[in-house]
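Chemist: Below is a structure I'd like to ask you about.
Protein chains: 2
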Amino acid sequence: MTDTFNRRALLALATAVGTGAAMPSLAQHLDRAGDKHMDDMMAIPPDSPVVAMLIHPKMIALDLIGPMTVLNILRCRIDLVWKDKTPISTELGIPFTATRTFEDCPRDLDVLLVPGGILGTIDCMNDPQVMAFLADRGSRAKWVTSVCTGGLAVAAAGLLKGYDATAHWTIADLLPLMGARHVDRRVVADRNRMTCGGVTAGIDLALTLAAELRGEEAARNVQLIMEYSPMPPFRNGTPAEAGPDRVTAMRARRTWMDAQAMSAATAAGKRLGIPV
Amino acid sequence: MTDTFNRRALLALATAVGTGAAMPSLAQHLDRAGDKHMDDMMAIPPDSPVVAMLIHPKMIALDLIGPMTVLNILRCRIDLVWKDKTPISTELGIPFTATRTFEDCPRDLDVLLVPGGILGTIDCMNDPQVMAFLADRGSRAKWVTSVCTGGLAVAAAGLLKGYDATAHWTIADLLPLMGARHVDRRVVADRNRMTCGGVTAGIDLALTLAAELRGEEAARNVQLIMEYSPMPPFRNGTPAEAGPDRVTAMRARRTWMDAQAMSAATAAGKRLGIPV
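Listed in order, the protein sequences are those of chains L and H.
Going left to right, the first sequence walks through residues 3 to 278 as the numbering used here numbers them.
Going left to right, the second sequence walks through residues 3 to 278 as the numbering used here numbers them.
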């Protein structure tokens, strides 16, 4: 296969060159290829999708990093957005800092994405400033998307009224309180709304979104670069896979958080005029 | 089902409470559950595994965030480690900052994890200080692990000599230059070495590792919290799935990087006395 042949030729070349010390000549030899590659990597096409990802205190880092990795390889223009540019905390202790504030975030977005993290999500649902920002950008965004419990914040902003949607399995059944129809699928697309299950589902959502934004071939290339051919060691990623005992045990340790989420969803439903 | 019943009871409770404004009474009502939950979340057991994750400039954020999310839910003691505590860049533009330097990183680790990102990996392979750190901690670590191209850095430090291993598909065939046997599997465990394919494979590796560290039930609980029941929209995550045309096209845009990786691997092989 050509591929293998090229590898062999490069191996011979690199072996001939011999040591890292001799790298310059090799680099020089490949300079133009290198420059071209770097240009390819750095260049953001003028028509590249404009993406705003909300960040919020206590968010789950992977809810953001999964989709951001996909859309970054797709060379979208990505901003992280929050009230201000003071670093916010994530559950991992790795701080994220907004690249734009609510004020200077582009008004017309191709993609608005809201990550989750239940405690941060509840704070967002109860925060009029966050709700107003999501409602405004979401009203014009080409795609309104969420990962994990972020779906509750999107719904609380009134953006899922009358839409099929989903969210992290522990709180997805709260979506109807805010006018959404809960559909129990990993990724749910309804018109220009795309929501998904918990944490890791954001990668599946982002690849689905990538195909919508740039076509299937572009999405497939991103998938190959990310080597996304998952092989979980266990089948335990959904309540159905885990079975009722594990689910009930996990629910029991979340009573306090789930009740707070339910109360925030109930309050949002009242604001949105959703009949109880 | 009990689970559903509990949800109904909570719905009734939250609806009775009515609005977010009334939250305090609800919070109060559930205070002890809430405190207990928070204690559960915050407490790191005294016997929890000691984990050091290398960070390096130009690394791929998801290579780290995937496994870190798994091991954080597993309540490991996780340090991010680099030469100093000046923030390093990631491909996403989100900076990571070391929590420990090479000097004050624990000497005896349960897990040493090395993430990838080809350009950063090549720099690590050619950096005696990084190689010396990995060789030292790796010589005593209970588990020596890598994600994506990070496998090349682990191999360059001499830690995969005579071991089965893998790495990102684009450069995994360089592992034998440094004395490893390349096994074409998503996650490869050989004695106390665990390596995996590109980027997203780190999640599969970390769940496999979690079962080794804390038992299968603990790993399954992490998988359920992360809702890890992946459904990629396309089958395109490996060269075999993508087919030769897509693979050859992607190789062609990586000639410069791959040749640099090969030269660094060849130099490392010479240092390690691996016969060409």
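Don't be surprised by glycine CBs; every beta carbon is placed ideally from N, CA and C.
These numbers were taken from a predicted model, which means no experiment stands behind them.
From the DSSP secondary-structure annotation, give me the bridge partner or partners of C198/H.
Modeler: Per DSSP, V189/H.
Chemist: Could you check whether F236/H and R222/L sit closer than 7 angstroms to each other, using their CB atoms as the reference points?
Modeler: Yes, Cβ-Cβ distance for R222/L and F236/H is below 7 angstroms.
Chemist: With DSSP collapsed to three states, give me the class of D125/H.
Modeler: Helix at D125/H.
Chemist: Taking a Cβ distance cut-off of 7 angstroms, strictly less, list which residues of the segment 42–70 of chain L are near chain H, in chain order.
Modeler: Hits within the stretch, in order: D42, A63, L64, I67, G68, M70.
Chemist: What residues match up with H184/L in a beta bridge as DSSP calls it?
Modeler: Partner(s): A167/L.
Chemist: Evaluate Q131/H with the Cβ neighbour count: other Cβ atoms within 10 Å of its Cβ, from every protein chain shown; 16 or more gives buried, anything less gives exposed.
Modeler: Exposed.
Chemist: Ignoring anything shorter than 3 residues or poking outside the segment 99–166 of chain L, list the beta strand (DSSP E) runs there in chain order.
Modeler: Qualifying beta strand (DSSP E) stretches, in chain order: 113–116, 145–148.
Chemist: Tell me which same chain residues have a C-beta within less than 6 angstroms of the C-beta of D166/H, skipping the five on either side of it?
Modeler: Cβ within range, chain order: R183, V185, V190, D192.
Chemist: Taking Cβ-Cβ distances below 8 angstroms as the criterion, which residues of the segment 222–248 of chain L are in contact with chain H?
Modeler: Result list: R222, N223, Q225, L226, I227, M228, E229, Y230, S231, P232, M233, P234, P235, F236, R237, N238, G239, T240, P241, E243, A244, P246, R248.
Chemist: Measuring alpha carbon to alpha carbon, tell me which of P234/L, G181/L, R255/L ends up nearest S231/H.
Modeler: Comparing Cα positions, the closest option is P234/L.
Chemist: Strictly below 8 angstroms CB to CB, what residues from chain H border H184/L?
Modeler: Ordered by position in chain H, no residue passes the 8 angstroms Cβ test against H184/L, which lies about 12 angstroms from the chain.
Chemist: I believe T210/H touches M228/H by the beta-carbon criterion, under 8 angstroms. Please report the beta-carbon distance rounded to the nearest angstrom.
Modeler: Not a contact, Cβ separation roughly 14 angstroms.
Chemist: Anything in the segment 95–110 of chain L with a Cβ closer than 9 angstroms to a Cβ of chain H? List those residues in chain order, please.
Modeler: Here the close residues are G95, I96, P97, F98, T99, T101.
Chemist: CB-CB under 6 angstroms to A213/H, same chain, minus the five flanking residues each way: which ones, in chain order?
Modeler: These residues qualify, in order along the chain: A221.
Chemist: Taking only beta-carbon atoms, is W84/L less than 7 angstroms away from chain H?
Modeler: It does not: the Cβ of W84/L has no partner Cβ on chain H nearer than 7 angstroms.
Chemist: Look at the alpha carbon of T151/L and the alpha carbon of A54/H, and state the distance between them as a whole number of angstroms.
Modeler: Their backbone Cα atoms lie some 29 angstroms apart in a straight line.
Chemist: Straight-line CA distance for R79/L to P51/L?
Modeler: Answer to the nearest angstrom: the Cα atoms are 6 angstroms apart.
Chemist: Return the CA-CA distance between D65/L and G119/L, expressed in angstroms with no decimal places.
Modeler: Distance between the alpha carbons of D65/L and G119/L is about 8 angstroms.
Chemist: Using a Cβ cut-off of 7 angstroms, pull out every chain H residue sitting near G199/L, in sequence order please.
Modeler: Going along chain H in sequence order, the residues near G199/L (Cβ under 7 angstroms) are E229.
Chemist: Run the CB neighbour count on P246/H, radius 10 Å, all protein chains shown included, and call it buried at 16 or more, exposed below.
Modeler: With fewer than 16 other Cβ atoms within 10 Å, it is exposed.
Chemist: If we ignore side chains and look at the alpha-carbon of each, how far apart do E105/L and T99/L end up?
Modeler: Each residue's alpha carbon lies about 15 angstroms from the other.
Chemist: Ignore the nearest five residues each way along the sequence and tell me which others in P277/H's own chain have a CB closer than 6 angstroms to its CB.
Modeler: So no residue of the chain qualifies.
Chemist: Closer than 7 angstroms by C-beta to W171/H: which residues in its own chain qualify, once you throw out the five before and the five after it? Chain order, please.
Modeler: Contacts found: G199, G200, T240, P241.
Chemist: Who are the neighbours of I205/H on chain L, taking C-beta pairs under 7 angstroms?
Modeler: By Cβ distance, chain L contributes T202.
Chemist: For I96/L, which residues in the same chain have their Cβ closer than 7 angstroms to its Cβ, ignoring the five residues on either side in sequence?
Modeler: Within the same chain, I96/L has close Cβ partners A63.
Chemist: Can you tell me the Cα-Cα spacing of I57/L and E218/H, whole angstroms?
Modeler: Between I57/L and E218/H, the C-alpha separation is close to 33 angstroms.
Chemist: Does the distance from the C-beta atom of M133/H to that of A157/H stay below 7 angstroms?
Modeler: Not a contact, by the Cβ cut-off of 7 angstroms.
Chemist: Could you check which residue in L111/L, R102/L, D129/L has the C-alpha nearest to that of A266/L?
Modeler: Checking every option, the nearest Cα to that of A266/L belongs to D129/L.
Chemist: Are the Cβ atoms of A169/L and L136/L separated by less than 7 angstroms?
Modeler: Contact: no.
Chemist: When the Cα atoms are used, what is the spatial distance from P258/H to K163/L?
Modeler: A quick correction: the sequence has Trp, not Pro, at residue 258/H. In a straight line, the C-alpha of W258/H is about 50 angstroms away from that of K163/L.
Chemist: What's the C-alpha gap between T250/H and L73/L?
Modeler: Distance between the alpha carbons of T250/H and L73/L: 23 angstroms.
Chemist: Could you check if R216/H is buried or exposed, using at least 16 other CB atoms within 10 Å of its CB as the buried criterion?
Modeler: Per the 10 Å Cβ criterion, buried.
Chemist: Can you give me the start and stop residues for the beta strand (DSSP E) that M55/L sits inside?
Modeler: Run containing M55/L: 52–56, per the beta strand (DSSP E) assignment.
Chemist: Relative to the C-alpha of I142/H, which residue among I90/H, L114/H, M61/H, V149/H is closest?
Modeler: A small correction: the amino acid at residue 142/H is Arg; Ile does not occupy that position in the sequence shown. If we check each option's Cα against that of R142/H, L114/H comes out closest.
Chemist: Does DSSP classify I75/H as helix, strand or coil?
Modeler: Helix, per DSSP.
Chemist: Could you pull out every residue in the same chain whose Cβ sits closer than 6 angstroms to the Cβ of T101/L, ignoring the five residues on either side in sequence?
Modeler: Excluding residues within five positions, the ones whose Cβ falls inside 6 angstroms are D81, L82.
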